[in-house]
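K.L.:
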Amino acid sequence: MDHLDLPPLLGACGSVRLPGSKSISNRTLLLAALASGTTEIRDLLASDDTARMLAALSALGVTWTRHGDSDDYRVEGAGGPFRVKAAELFLGNAGTAVRPLTAALAVSGGEYRIAGVARMHERPIGDLVDGLRQIGADVRYLGNEGFPPLHILPAPIRAGGVVRVRGDVSSQFLTALLMALPLAGVETTVEVVGELISKPYIAITLDLMARFGVEIQREGWQRFTVPGGCRYRSPGTVFVEGDASSASYFLAAGAIGGGPVRVEGVGRTSIQGDVRFAEALERLGARIEFGDNWIEARAPADGRLRAFDLDLNHIPDAAMTLAVAALFADGPCALRNIASWRVKETDRLAAMATELRKVGAQVEEGADHLVVVPPDRLVPAAIDTYDDHRMAMCFSLVSLGGCRVRINDPNCVNKTFPGYFDAFARVAQAVPVIAIDGPSASGKGTVAARVAEALGFAYLDSGSLYRLVALAAMRAGIALDDEPALARVAATLPAEFAGERVRLAGDDVTDAIREEACSVGASKVAVLPAVRAALLDRQHDYRRAPGLVAEGRDMGSVVFPDAEHKFFLTASAEARADRRYKQLKEKGLAANMESLLEDLRDRDARDAARPVAPLKQLPDATLLDTTEMGVGEAVSFVLEHVRRTRDDA
Ligand code: DC
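Be aware that the sequence shown starts at 12, since it is given in my numbering, and climbs by one per residue.
#1: Across the region 153 to 161 and the region 193 to 205, are there enough close Cβ pairs to call them in contact, namely three or more that are closer than 8 Å?
#2: Taking 8 Å as the threshold (C-beta atoms), are Ala-336 and Ala-434 in contact?
#3: Check whether the Cβ atoms of Thr-637 and Leu-580 sit closer than 8 Å, and answer yes or no.
#4: Can you grab the Cα-Cα spacing for the pair Ala-619 / Glu-507, in whole Å?
#5: Spell out the partners DSSP gives Asp-322 in its beta bridges.
#6: Around the C-beta of Gln-373, are 16 or more other C-beta atoms found within 10 angstroms, so that it is buried, or is it exposed?
#7: Can you grab the Cα-Cα spacing for the pair Val-623 / Leu-559, in whole Å?
#8: Just mark Met-12 as buried or exposed, buried being the case when its beta carbon has 16 or more other beta carbons within 10 Å.
#9: If Gln-283 and Val-274 are in contact, beta carbons under 8 Å, what's the gap, nearest whole angstrom?
#10: Tell me, which residues are paired with His-380 by DSSP?
#11: Going by CA-CA distance only, name the one from Tyr-152, Asn-104, Ala-556 that's closest to Leu-466.
#12: Who are the Cβ neighbours of Leu-323 in its own chain at under 6 Å, not counting the five residues just before and after it?
#13: Compare the Cα-Cα distances from Asp-60 to each of Arg-77, Leu-40, Gly-79 and report the closest residue.
#14: Could you spell out the range, first to last residue, of the beta strand (DSSP E) harbouring Asn-419?
#15: Could you check where the alpha helix (DSSP H) with Glu-644 kicks off and where it finishes?
#16: For the beta strand (DSSP E) containing Phe-435, name the first residue and the last one.
#17: Looking at ligand 2, does it come within less than 7 Å of Tyr-470, judged from the CB to the closest heavy atom?
#18: Would you kindly check if the distance between the Cβ of Ile-445 and the Cβ of Val-458 is under 8 Å?
#19: Have a look at Asp-285 and Trp-352 and give me their C-alpha separation to the nearest angstrom.
#20: Rank Lys-593, Val-27, Ala-588, Arg-77 by C-alpha distance to the C-alpha of Glu-51 and give the top, closest one.
#21: Relative to the C-alpha of Gly-247, which candidate in Gly-88, Thr-74, Ser-119, Arg-564 has its C-alpha closest?
#22: In the structure shown, what three-state DSSP assignment does Gln-183 receive?
#23: If you count every other CB in all the chains shown that lies within 10 Å of the CB of Leu-153, and 16 or more means buried, which is it?
#24: Candidates Gly-31, Tyr-123, Ala-114: which alpha carbon is nearest Gly-137's?
#25: In the DSSP assignment, what residue or residues form a beta bridge with Tyr-152?
#26: Kindly indicate which three-state DSSP category Gln-145 falls into: helix, strand or coil?
#27: Does the beta carbon of Met-485 fall short of 7 Å from some heavy atom of ligand 1?
#28: Give a yes or no on contact between the region 565 to 577 and the region 494 to 514, applying the rule of three or more CB pairs nearer than 8 Å.
#29: Have a look at Tyr-84, Gly-314, Gly-91, Val-128 and flag the residue whose alpha-carbon is nearest the alpha-carbon of Leu-100.
#30: Going straight from the alpha carbon of Phe-468 to that of Pro-30, what length do you get?
#31: Which class does Cys-24 belong to by DSSP, given the choice of helix, strand or coil?
#32: Along the chain, which unbroken stretches of the alpha helix (DSSP H) at least 4 residues long are found entirely within the region 289 to 339?
#33: Whole-angstrom Cβ separation of Ala-481 and Gly-532, contact assumed at under 8 Å?
#34: Roughly how many angstroms lie between the CA atoms of Cys-241 and Ala-43, to the nearest whole one?
#35: Considering only the alpha carbon of each residue, which of Arg-169, Ala-126, Leu-471, Val-174 lies closest to Arg-151?
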């Protein structure tokens, strides 16, 4: 799938069971592999990053089994360094696999190569390698100095004393060193040089190491001592918490879209720093409630999020979600101390600034900060995701502004949350669409307009767009089979709808587009795929709160396949010809019953036989045959049906 179109939303509410935490999953897998004994891991995250770690462990001789197709695994620990002493590992773009495995392999006494995707080879690892060299490890760069791919060679490890590692680029270097040092067996102190960033991630590391029997003593966030003679021992069973970073999208959805939205799997007792995202949301005015194993978010009492200026160093991943939430705030918002964004899956500072601008925000991109000025009105845009799962998930929130949004390469969410868009759709309340399709003169135009009026919804007469294309083309002397030229006309159609009147380049064409020449012309241009494609976005833009009634031939099948209600309105050809005849006569226009009937049959055949978006009754559409029915009765039928299905839901 190369893109996913998300419809405009009215709001969000519901609850979501979160997938397992990426940070906890990959740390637990590695610790279980190095520990003595068997570890049962429950609720492991199923994603690209964990798949990389599992594959690496297999290559390194660690036995693990998955229980059926559940998220529960059993890992047979090696009880020390890896037993396989030569391996080549490809780890994709999984930072949580590359860093800790590099350190563990550097002290395993074998020869290993570690590589990843191109982006991984741009993500720094020099600070970790420097730290490992201080204990005697032989780690070499196969490409650029300071970056993967790496070549690790056996070397006598001289742990003990003090090792210095920089903490201001990525906290994963410290995590990796700390997790590997117990394999060396000698008391070693790690001293952090520079300000340690993303401290809560170190807290996760220390918590999990303690569960596996290794207690680290620390002085503030500057010195960490790994005791001598300690070994990892399996704690038996480990339950992986839900992913707190993944929770941020749903909590933000609740805060922006009314809510309440509840996430299950993290809560008050979570060891993940990103649960503090909920506190940040509170600073924006959102109403938050915590349970032991859940968090719930609702919009501020007055509905609007407040502007903010926050240091977000402690929640670098979830902070991205705030950058998009800023689109909904009541003033400019500043996100500070987020330089680590530059060395993640992509340069997230640059990517975020570029994509926020696409939806209409003004953005100031600093070396380590971002200021987002929300637009008065969001602009529909196609969002590039830079092979970064968080970009894709963050920008789904734009749809809560009642604005459609296209997410390019949506499958990048597989890195940490393969079912993300399904989960999002379950809490999303899309702007409802009532699609009414059917053949010419079936009365669907009148019925649709009256239904829209009764509900206070917008109304789209899609047929008039095809009629306008035909008229504009005929006026410009363009042949009705010149597909590229017609598509250009369709893409730039200077049409305006003002109440009952339709204008083309300022000229009132309300009656002109109803003439037979235009009807015939419309059915010819409607056959052309490029014309249909050029009119798609224009039709999507009619979908606005509180809802839309759209009528045509392909409203339910192509333009709004996710329409909440679909109807197929028809009548016998004779009845339809008779209606058209009366309409024309009323307008004082010439009409002939025979030729009207013949024309209708021709057009029905053309609309039904064309290969793109043919006219047909969909299996999920409700049939309404109006041959023997007045308009009022048909309108009541539709309204009653809509009301009943809503009550049932
Ligand atoms: O509904 P109408 O008679 O105004 O439609 C005019 C022509 O446009 C008709 O021949 C079919 C075509 N059309 C279409 O192909 N798809 C739509 N959604 C609406 C109309």
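Glycine included, every Cβ here is placed at the ideal spot set by N, Cα and C. Computed from a predicted model, the values in this text were never measured in an experiment.
P.N.:
According to the data block:
#1: Taking 8 Å as the limit for Cβ pairs, the verdict is that the region 193 to 205 does not touch the region 153 to 161.
#2: Counting from 1 along the sequence shown, the entry for residue 434 is found at position 423. Counting from 1 along the sequence shown, the entry for residue 336 is found at position 325. No; because the gap between Cβ atoms is not below 8 Å, this pair is not in contact.
#3: Indexing the sequence shown from 1 puts residue 637 at position 626. Indexing the sequence shown from 1 puts residue 580 at position 569. Leu-580 sits close to Thr-637, with the two beta carbons spaced by under 8 Å.
#4: Indexing the sequence shown from 1 puts residue 619 at position 608. Indexing the sequence shown from 1 puts residue 507 at position 496. Computed Cα separation, rounded: 29 Å.
#5: Locating residue 322 in the sequence shown gives position 311, where the first residue counts as 1. Arg-347.
#6: Along the sequence shown, one-based indexing puts residue 373 at 362. Here Gln-373 is exposed: its Cβ has fewer than 16 other Cβ atoms, across all protein chains shown, within 10 Å.
#7: Position 612 of the sequence shown holds residue 623. Position 548 of the sequence shown holds residue 559. Across the structure, Val-623 and Leu-559 are spaced so that their CA atoms are roughly 24 Å apart.
#8: Your numbering for residue 12 matches position 1 in the sequence shown. Burial call: exposed.
#9: Along the sequence shown, read from residue 1 onward, the residue named residue 283 stands at position 272. Along the sequence shown, read from residue 1 onward, the residue named residue 274 stands at position 263. Gln-283 to Val-274, Cβ: 12 Å. No contact.
#10: By one-based count along the sequence shown, residue 380 stands at place 369. In DSSP, His-380 forms a bridge with Arg-347.
#11: Position 455 of the sequence shown, counted from the first residue, corresponds to residue 466. Per the Cα distances, Ala-556.
#12: For the purposes of this step, residue 323 is taken as residue 312 along the sequence shown, with counting starting at 1. For Leu-323, where only same-chain residues beyond five positions count, the Cβ hits under 6 Å are Ala-330, Leu-346, Ile-349.
#13: To locate residue 60, count along the sequence shown from 1; it is residue 49. Comparing alpha carbon positions, the residue from Arg-77, Leu-40, Gly-79 closest to Asp-60 is Leu-40.
#14: The count along the sequence shown starts at 1 and reaches residue 419 at position 408. Taken as a continuous stretch (DSSP letters only), the beta strand (DSSP E) holding Asn-419 covers 416 to 419.
#15: Start at 1 with the first residue of the sequence shown, and residue 644 comes out as number 633. Here the alpha helix (DSSP H) through Glu-644 covers 642 to 659.
#16: Taking the sequence shown and counting its residues from 1, one reaches residue 435 at position 424. Per DSSP, Phe-435 belongs to no beta strand (DSSP E); it is in the alpha helix (DSSP H), 431 to 438.
#17: Because ligand 2 does not appear in the structure shown, any question about it cannot be addressed here, the ligands present being ligand 1.
#18: Here residue 458 corresponds to residue number 447 of the sequence shown, with the count starting at 1. Here residue 445 corresponds to residue number 434 of the sequence shown, with the count starting at 1. Taking C-beta atoms as the reference points, Val-458 and Ile-445 fail to come closer than 8 Å.
#19: As a working note, residue 285 is residue 274 in the sequence shown. As a working note, residue 352 is residue 341 in the sequence shown. One C-alpha to the other measures close to 15 Å.
#20: Translated into positions along the sequence shown, residue 51 becomes position 40. Considering only Lys-593, Val-27, Ala-588, Arg-77, the residue with the shortest C-alpha distance to Glu-51 is Arg-77.
#21: The sequence position of residue 247 within the sequence shown is 236, counting from 1. Comparing C-alpha distances from Gly-247 to each of Gly-88, Thr-74, Ser-119, Arg-564 shows the shortest one belongs to Gly-88.
#22: Against the sequence shown, residue 183 aligns to sequence position 172. Three-state DSSP puts Gln-183 in a helix.
#23: Position 142 of the sequence shown, counting from 1, holds the residue named residue 153. With fewer than 16 other Cβ atoms from the protein chains shown falling within 10 Å of its own Cβ, Leu-153 counts as exposed.
#24: For the purposes of this step, residue 137 is taken as the residue at position 126 of the sequence shown. Nearest option by C-alpha distance: Ala-114.
#25: Here residue 152 corresponds to residue number 141 of the sequence shown, with the count starting at 1. In the DSSP output, where bridge partners are listed per residue, Tyr-152 has Leu-161.
#26: Start at 1 with the first residue of the sequence shown, and residue 145 comes out as number 134. Assigned with DSSP and collapsed to three states, Gln-145 falls in helix.
#27: For the purposes of this step, residue 485 is identified with residue 474 of the sequence shown, where counting begins at 1. The answer is no for Met-485.
#28: With a cut-off of 8 Å on Cβ pairs, the region 565 to 577 is not in contact with the region 494 to 514, counting fewer than three such pairs.
#29: Numbered from 1 along the sequence shown, position 89 holds the residue referred to as residue 100. Checking every option, the nearest Cα to that of Leu-100 belongs to Val-128.
#30: Taking the sequence shown and counting its residues from 1, the one referred to as residue 468 is at position 457. Taking the sequence shown and counting its residues from 1, the one referred to as residue 30 is at position 19. Computed Cα separation, rounded: 37 Å.
#31: Here residue 24 refers to the residue found at position 13 of the sequence shown. Note: Cys-24 maps to strand in three-state DSSP.
#32: As far as the region 289 to 339 is concerned, its whole alpha helix (DSSP H) runs of at least 4 residues are 327 to 336.
#33: For this step, residue 481 is matched to residue 470 along the sequence shown. For this step, residue 532 is matched to residue 521 along the sequence shown. Approximately 3 Å separates the beta-carbon atoms of Ala-481 and Gly-532; this is inside 8 Å, confirming the contact.
#34: Residue 241 sits at position 230 when you count from the first residue of the sequence shown. Residue 43 sits at position 32 when you count from the first residue of the sequence shown. Answer to the nearest angstrom: the Cα atoms are 15 Å apart.
#35: Sequence index remark: in the sequence shown, residue 151 carries index 140 (1-based). Taking only the C-alpha atoms, the option nearest Arg-151 is Ala-126.
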